[in-house]
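K.L.:
Take this structure, written in structure tokens, and hold onto it; I'll ask about it next.
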Amino acid sequence: MIQCNKSNSRVLVTRDLPTEAKQLLLASGVQATIRYDENKISKEDVLQGITGCHGLLCTLNPSIDKEILDAAGPNLMTISTVSVGFDHIDIEECKRRNITVGHTPGVLTNAVAELTMGLLLATARRIREAFDVIDSGERCPRKVLWLCGTQLSRKTIGIVGLGRIGLAVAKRLHAFEVDKILYTALSEKSQAKEVDGEFVDFDALLQQSDIVIVCCALTSETKGLFNKSAFAAMKNSAIFINTSRGSVVNQEDLYEALTSNQIRAAGLDVTTPEPLPTDHPLKKLKNCVIFPHLGSATIETRNEMWTTAVRNLIAGLNNEPLPCPVY
Amino acid sequence: MAKRIYIATDLPDGVKQKFLNLSSEVKIKDGDGIVSKEQLLENVVGCHALVCTFKDTVDVDVLNAAGPQLKVICTISVGYDHIDVAECKKRNIMIGHTPGVLSDAVAELTIGLLLTTTRRLAEGLDAVKRGEWGPFSLMWLCGTQLSGRTIGIVGLGKIGLAIAERLVPFGVGRIIYSGRTEKSEASKFNGTFVDFTELLQESDIVIICCALTPETKGLFNQETFSKMKNTSIMINISRGPVVNQDDLYTALTTGQIQAAGLDVTTPEPFPTDHPLMKLKNCVIFPHIGSATVDTRTEMIMRSFYNLQAGLKGERLPFSVY
Numbered sequence: 459m460i461q462c463n464k465s466n467s468r469v470l471v472t473r474d475l476p477t478e479a480k481q482l483l484l485a486s487g488v489q490a491t492i493r494y495d496e497n498k499i500s501k502e503d504v505l506q507g508i509t510g511c512h513g514l515l516c517t518l519n520p521s522i523d524k525e526i527l528d529a530a531g532p533n534l535m536t537i538s539t540v541s542v543g544f545d546h547i548d549i550e551e552c553k554r555r556n557i558t559v560g561h562t563p564g565v566l567t568n569a570v571a572e573l574t575m576g577l578l579l580a581t582a583r584r585i586r587e588a589f590d591v592i593d594s595g596e597r598c599p600r601k602v603l604w605l606c607g608t609q610l611s612r613k614t615i616g617i618v619g620l621g622r623i624g625l626a627v628a629k630r631l632h633a634f635e636v637d638k639i640l641y642t643a644l645s646e647k648s649q650a651k652e653v654d655g656e657f658v659d660f661d662a663l664l665q666q667s668d669i670v671i672v673c674c675a676l677t678s679e680t681k682g683l684f685n686k687s688a689f690a691a692m693k694n695s696a697i698f699i700n701t702s703r704g705s706v707v708n709q710e711d712l713y714e715a716l717t718s719n720q721i722r723a724a725g726l727d728v729t730t731p732e733p734l735p736t737d738h739p740l741k742k743l744k745n746c747v748i749f750p751h752l753g754s755a756t757i758e759t760r761n762e763m764w765t766t767a768v769r770n771l772i773a774g775l776n777n778e779p780l781p782c783p784v785y
Numbered sequence: 260m261a262k263r264i265y266i267a268t269d270l271p272d273g274v275k276q277k278f279l280n281l282s283s284e285v286k287i288k289d290g291d292g293i294v295s296k297e298q299l300l301e302n303v304v305g306c307h308a309l310v311c312t313f314k315d316t317v318d319v320d321v322l323n324a325a326g327p328q329l330k331v332i333c334t335i336s337v338g339y340d341h342i343d344v345a346e347c348k349k350r351n352i353m354i355g356h357t358p359g360v361l362s363d364a365v366a367e368l369t370i371g372l373l374l375t376t377t378r379r380l381a382e383g384l385d386a387v388k389r390g391e392w393g394p395f396s397l398m399w400l401c402g403t404q405l406s407g408r409t410i411g412i413v414g415l416g417k418i419g420l421a422i423a424e425r426l427v428p429f430g431v432g433r434i435i436y437s438g439r440t441e442k443s444e445a446s447k448f449n450g451t452f453v454d455f456t457e458l459l460q461e462s463d464i465v466i467i468c469c470a471l472t473p474e475t476k477g478l479f480n481q482e483t484f485s486k487m488k489n490t491s492i493m494i495n496i497s498r499g500p501v502v503n504q505d506d507l508y509t510a511l512t513t514g515q516i517q518a519a520g521l522d523v524t525t526p527e528p529f530p531t532d533h534p535l536m537k538l539k540n541c542v543i544f545p546h547i548g549s550a551t552v553d554t555r556t557e558m559i560m561r562s563f564y565n566l567q568a569g570l571k572g573e574r575l576p577f578s579v580y
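So the sequence lines, in the order shown, correspond to chains W and G.
Mapping to the numbering used here: the first sequence position 2 is 460, numbers consecutive.
Mapping to the numbering used here: the second sequence position 154 is 413, numbers consecutive.
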């Protein structure tokens, strides 16, 4: 149980919450306006609902930009996002206005690492094609290399960004008898020792890796990082996995790479936009596996993320240090 | 006299010549399609050696059709339930198979199948395909996590062991196993030997890794499912007949167990109108356990070594008995 000190605190919650988090929120004494509508909340809805609010509890959509902060007015003290990423929030503007921002790192690491492994295996083992075969009742053509995929053992793994999630993925891969784990990061990480990880520069990672896994945050440096020249530097047999943010990848260049044998296959849990339009070219490719951003989608983790986000929110309203501040 | 060899499968270009070099009378199946019983009976006549896959039933009819000169059968698989081993022993026919080499590929596929089941990835792929992404409900398509779960492995052979070792860094809870005897390798992952009933009652995730034998045929039936947790997930990568599919359907549709993932079914291929195909909580793969280029090539090479030894009358490097 946590208590909000100011009884008139008004908060806007842009999605319905799971039971435990909802109880925590309502028992704290805040006046919460919760959007129950199942449809995606629009920017207009937020602009209207946030006027005069002291706190905002939100998810990845819509982006919290200057316009929304202006619409909120001077009352707004704290924003709590139910995610580890915060690229959808204008952090600089929040800093200027002394608005604290909370997020949910750590709690979703295992769920995302698991999903990344699932996506990697689904891509490497051609599960999308396997399902097409099952659904069509196609008889196996009796060729010994039919539907044969790529094995992980004895391969070189390249992890782009060895943060919590990157390290968790590396730990899981370490048990798969891989040959080497390479990684890039802003600086060398001591935790890399746990997985015999080798710190290399980006080009070396691209050239040497059989499997490239993107686990970095979306920043101005990583936006569009995977473009034509990156794919050209990769092995033709390489498998590319992205569970970070869609914008780290130039999707036209990825399409080109997948259809001209520059890389073997790609698995994406994140795209630009989300959802991807029905007729998007990447969807048609057998060697492109796309999940609808399921990274943290486990019941356990979502519950914990929401509960953490509520705690961040109440702390922000109380002017106390946030359990998980962005800055 | 040249040794006659029939190879009831195609071979990748890189290794074909090795087999062709073994004798002047080597016939390799080409083209698509299943080798029918009739075709097999026709082609084994007068053979000294037969190279086959697990899809070829090598029974008394086939052995008789071949004739008394048949010395060696090499199956490109670890399982040999498709071969009449007792009859081969009587006739002094050596049987080679390919154990060990496919453990990594099968273990990887098993983890992939497990995650596809627990994280509802088939539904995810489908949602994207249909453009039904959304509705942005926070609990949409939420699966269950492996962290802290009790894993039960039925049959701790090489494959069961490879799976257990890979599951450890996923933060799973206990890993328990059942089988005929305790295995010292279980210490590699702190595994505990339990009886079958205890495994069923305690496990959140049950992974079937045992061979198909008269004892394990139909092992997973109504009684078995009734002992499992309602929240449990069953994964079968061994052989279809270990599971009674009608009982599985009942278990999945009455909440006896939560979900199932199958890489093996009865029959294969699985009919598209089979009731299990319609269930969202039943994931089915088309038997791709060992389907990686690396492993299939290695399996073929081991069969080659078995064949080479068998033709010379030497002990096979990877013999069934």
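The beta carbon of each residue, even a glycine, is placed where N, CA and C say it ideally should be.
The structure displayed is predicted, hence computed values, not measured ones.
For W/L527 and W/L534, what's the separation of their Cα atoms in angstroms?
P.N.:
One-based indexing of the first sequence puts residue 527 of chain W at position 69. One-based indexing of the first sequence puts residue 534 of chain W at position 76. Looking at the two C-alpha atoms, the distance is approximately 8 angstroms.
K.L.:
Using 7 angstroms as the limit for Cβ to Cβ distance, is W/Q609 near chain G?
P.N.:
Taking the first sequence and counting its residues from 1, one reaches residue 609 of chain W at position 151. For W/Q609, the answer is yes, since a Cβ of chain G falls inside 7 angstroms of its Cβ.
K.L.:
Going along chain W in order, which residues have a C-beta closer than 7 angstroms to the C-beta of G/L374?
P.N.:
Position 115 of the second sequence, counting from 1, holds the residue named residue 374 of chain G. Here the neighbours are E572, M575, G576 and L579.
K.L.:
Give every residue of the same chain whose Cβ lies closer than 8 angstroms to the Cβ of G/D363, excluding the five residues on either side of it in the sequence, and list them in chain order.
P.N.:
The residue you call residue 363 of chain G lines up with position 104 of the second sequence. Correct list, in chain order: A421 and T554.
K.L.:
Residues bridged to W/R468 by DSSP?
P.N.:
Translated into positions along the first sequence, residue 468 of chain W becomes position 10. W/R468 is bridged to W/Q489.
K.L.:
Just verifying my parser: in three-state terms, what is the DSSP assignment at W/C673?
P.N.:
Your numbering for residue 673 of chain W matches position 215 in the first sequence. In the structure shown, W/C673 sits in coil (DSSP, three-state: anything other than H, G, I, E or B).
K.L.:
Comparing alpha-carbon positions, which option in G/K571, G/V552 and G/F577 lies nearest G/G273?
P.N.:
Position 14 of the second sequence holds residue 273 of chain G. It is G/V552 whose Cα lies nearest to the Cα of G/G273.
K.L.:
Compare the C-alpha of G/V317 against each of G/S282, G/M353 and G/G520 and name the closest.
P.N.:
If you number the second sequence from 1, residue 317 of chain G lands on position 58. Nearest C-alpha to G/V317: G/M353.
K.L.:
Buried or exposed: which applies to G/K348, given that a residue is buried once 16 or more other Cβ atoms fall within 10 Å of its Cβ?
P.N.:
Numbered from 1 along the second sequence, position 89 holds the residue referred to as residue 348 of chain G. The residue is exposed, with fewer than 16 neighbouring Cβ atoms inside 10 Å.
K.L.:
Rounding to the nearest angstrom, what Cα-Cα distance links W/G595 and G/M536 in this structure?
P.N.:
Counting from one through the first sequence, the residue named residue 595 of chain W turns up at place 137. Counting from one through the second sequence, the residue named residue 536 of chain G turns up at place 277. In a straight line, the C-alpha of W/G595 is about 11 angstroms away from that of G/M536.
K.L.:
Should the segment 559-579 of chain W be called in touch with the segment 534-549 of chain W, which here means at least 3 C-beta pairs below 8 angstroms?
P.N.:
Yes, the segment 559-579 of chain W is in contact with the segment 534-549 of chain W.
K.L.:
Which of the residues in the segment 466-485 of chain G, read from start to end, lie with their CB under 9 angstroms from any CB of chain W?
P.N.:
Answer in chain order: no residues at all.
K.L.:
Whose C-alpha, out of W/D548, W/I460 and W/L475, is nearest the C-alpha of W/R760?
P.N.:
Taking the first sequence and counting its residues from 1, the one referred to as residue 760 of chain W is at position 302. Nearest of W/D548, W/I460 and W/L475 to W/R760, Cα basis: W/L475.
K.L.:
Closest by CA to W/S754, which one among W/A628, W/P739, W/M575 and W/I615?
P.N.:
Counted from its first residue, the first sequence places residue 754 of chain W at position 296. Selected option, being the one with the closest Cα: W/M575.
K.L.:
Could you say if the segment 564-578 of chain W and the segment 627-642 of chain W meet the contact criterion of at least three C-beta pairs nearer than 8 angstroms?
P.N.:
Cβ pair count under 8 angstroms is three or more, so yes.
K.L.:
Give the interface partners of W/R554 over in chain G, defined as CB-CB distance under 9 angstroms, in chain order.
P.N.:
The residue labelled residue 554 of chain W in the question sits at position 96 within the first sequence. Those do not exist, as W/R554 stays about 30 angstroms from chain G at its closest Cβ, beyond 9 angstroms.
K.L.:
Does the CB of W/E551 have a neighbour CB from chain G at under 7 angstroms?
P.N.:
As a working mapping, residue 551 of chain W is identified with position 93 in the first sequence. No, W/E551 does not count as interfacial toward chain G.
K.L.:
For a test of the three-state rule: what should DSSP assign to G/Y339, helix, strand or coil?
P.N.:
By 1-based counting over the second sequence, the position of residue 339 of chain G is 80. Three-state DSSP puts G/Y339 in coil, outside helix and strand.
K.L.:
Under 7 angstroms between the Cβ atoms of G/F484 and G/I516?
P.N.:
Translated into the one-based positions of the second sequence, residue 484 of chain G becomes position 225. Translated into the one-based positions of the second sequence, residue 516 of chain G becomes position 257. Contact flag set, yes.
K.L.:
When the Cα atoms are used, what is the spatial distance from W/L644 to W/G619?
P.N.:
Looking up residue 644 of chain W in the first sequence gives position 186. Looking up residue 619 of chain W in the first sequence gives position 161. Approximately 8 angstroms, taken between the alpha carbons.
K.L.:
Pair every Cβ in the segment 481-500 of chain G with every Cβ in the segment 433-448 of chain G, then say whether three or more of these pairs are closer than 8 angstroms.
P.N.:
These segments do not touch.
K.L.:
Using a Cβ-Cβ distance under 7 angstroms, would W/I757 count as near chain G?
P.N.:
Taking the first residue of the first sequence as 1, we reach residue 757 of chain W at position 299. So, interface residue.
K.L.:
On the criterion of 16 or more Cβ atoms from any shown chain inside 10 Å, does W/N770 qualify as buried, or is it exposed?
P.N.:
Within the first sequence, residue 770 of chain W is the residue found at index 312, counting from 1. Buried, since its Cβ has 16 or more Cβ neighbours within 10 Å.
K.L.:
Assuming contact is defined by CB atoms lying nearer than 7 angstroms, are W/A588 and G/P545 in contact in what I supplied?
P.N.:
Numbered from 1 along the first sequence, position 130 holds the residue referred to as residue 588 of chain W. Numbered from 1 along the second sequence, position 286 holds the residue referred to as residue 545 of chain G. Contact flag set, yes.
K.L.:
At the level of alpha carbons, what is the spacing between G/I342 and G/R561?
P.N.:
Taking the first residue of the second sequence as position 1, residue 342 of chain G is located at position 83. Taking the first residue of the second sequence as position 1, residue 561 of chain G is located at position 302. Their backbone Cα atoms lie some 18 angstroms apart in a straight line.
K.L.:
For W/V747 and W/E550, I'd like the C-alpha separation in whole angstroms.
P.N.:
Numbered from its first residue, the first sequence carries residue 747 of chain W at position 289. Numbered from its first residue, the first sequence carries residue 550 of chain W at position 92. Those two C-alpha atoms are separated by around 35 angstroms.
K.L.:
Would you mind telling me which residues of chain C sit closer than 7 angstroms to G/P358, beta carbon to beta carbon, in chain order?
P.N.:
Within the model displayed, chain C is absent; protein chains W and G are what it includes.
K.L.:
Any beta-carbon of chain G closer than 7 angstroms to the one on W/G487?
P.N.:
Taking the first sequence and counting its residues from 1, the one referred to as residue 487 of chain W is at position 29. By this cut-off, W/G487 is not an interface position.
K.L.:
Is W/E496 buried or exposed, if buried means 16 or more other CB atoms sit within 10 Å of its CB?
P.N.:
Residue numbering aside, residue 496 of chain W sits at position 38 when the first sequence is read from its first letter. Looking at its Cβ environment, which holds fewer than 16 other Cβ atoms inside 10 Å, W/E496 is exposed.
K.L.:
Quick one: using the 10 Å Cβ neighbour count with 16 as the cut-off for buried, is G/K262 buried or exposed?
P.N.:
Position 3 of the second sequence, counted from the start, is the residue given in the question as residue 262 of chain G. Buried: at least 16 other Cβ atoms inside 10 Å.
K.L.:
Rounded to the nearest angstrom, how far is the Cβ of W/A529 from that of W/L514, given a contact under 8 angstroms?
P.N.:
Along the first sequence, one-based indexing puts residue 529 of chain W at 71. Along the first sequence, one-based indexing puts residue 514 of chain W at 56. Between W/L514 and W/A529 the Cβ distance is about 11 angstroms, and since that is not below 8 angstroms, they are no contact.
K.L.:
Give me, in chain order, the residues of the same chain whose beta-carbon lies closer than 6 angstroms to that of W/F660; leave out the 5 immediate sequence neighbours on both sides.
P.N.:
Residue numbering aside, residue 660 of chain W sits at position 202 when the first sequence is read from its first letter. Correct list, in chain order: T642.
K.L.:
Chain G partners of W/N694, CB-CB under 7 angstroms?
P.N.:
Reading the first sequence from its first residue, position 236 is the one you call residue 694 of chain W. Chain G residues near W/N694: none, gap ~14 angstroms exceeds 7 angstroms.
K.L.:
The beta strand (DSSP E) that contains G/E297, what's its start and end?
P.N.:
Within the second sequence, residue 297 of chain G is the residue found at index 38, counting from 1. Premise fails: G/E297 lies in the alpha helix (DSSP H), K296 to N302, not in any beta strand (DSSP E).
K.L.:
Looking at the C-beta of W/K601, does it have a partner C-beta in chain G at a distance below 7 angstroms?
P.N.:
The count along the first sequence starts at 1 and reaches residue 601 of chain W at position 143. It does: the Cβ of W/K601 has a partner Cβ on chain G nearer than 7 angstroms.
K.L.:
Considering only residues of the same chain and omitting the five flanking positions on each side of W/D523, which have a CB-CB separation below 6 angstroms?
P.N.:
Against the first sequence, residue 523 of chain W aligns to sequence position 65. Hits under 6 angstroms: D548.
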